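Residue numbering for the sequence shown follows my numbering, beginning at 28 and increasing consecutively. Note that beta-carbon positions come from the ideal geometry of N, C-alpha and C, so glycine has one too. The model shown is predicted, which means the values in this text are computed figures rather than measured ones.
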Amino acid sequence: MSDSEVDCPKCDGHLETKTQGEIIVQRCNSCYGLLIEPEMMEKMNAELMVEKFLDVGPASIGRKYDKIDDIECPLCKIEMTRRTDPEQTHIWIETCPLCDRVFLDAGEYTDLKHHTFTDLFKRFLKGKRFKD
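Spelled out as structure tokens, the structure:
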């Protein structure tokens, strides 16, 4: 499957394959969201500064598209499961229940990788994702 055949689940863009060393992700050419395989996520977490090369979209674009949460996996065509990161609950992650790929909006991977003092306040500003 070529990159041009894979549509972004959040916008009208297309997912393009991007590599940094042994790490391979698919990044939207419009909203800069990332579709990441679980094993690539592990490699990214172990690699120093990889986010500077792969998570290049402005966080402001990520916040805009973060509001769209009813999405399908662009590969499996089934609804992705929405969840929050257990440590940084202001980060909302979509995961495919079939292939386990994760979709992160622009800037979310960088935020996930770097815990800051302001992360404590972000969870209160963003609010809950799911209705009780």
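Check	Outcome
Three-state class that DSSP yields for arginine 110 in the structure shown	strand
DSSP-derived helix/strand/coil call for methionine 28	Summary for methionine 28: the model assigns pLDDT 42, below 50, so the residue's position carries little reliability, and this model does not support an answer.
As assigned by DSSP and simplified to three states, the class of isoleucine 50	strand
7 Å Cβ shell around glutamate 135 - same chain, five flanking residues per side excluded	Gly89 and Ile118
Beta-carbon gap between leucine 62 and valine 77 smaller than 8 Å	no
Helix, strand or coil at threonine 44 [DSSP, three-state]	strand
Nearest to valine 33 (by Cα), restricted to the options Pro65, Leu102 and Asp132	Leu102
Identity of the residues DSSP links to leucine 61 by a beta bridge	Arg54 and Leu131
Residues bridged to aspartate 82 (per DSSP)	DSSP output for aspartate 82 lists no bridge partner at all.
Through-space distance from isoleucine 98 to cysteine 35, alpha-carbon basis	10 Å
Where the beta strand (DSSP E) containing glutamate 99 begins and where it ends	Premise fails: glutamate 99 is in no beta strand (DSSP E) and is neither H nor E.
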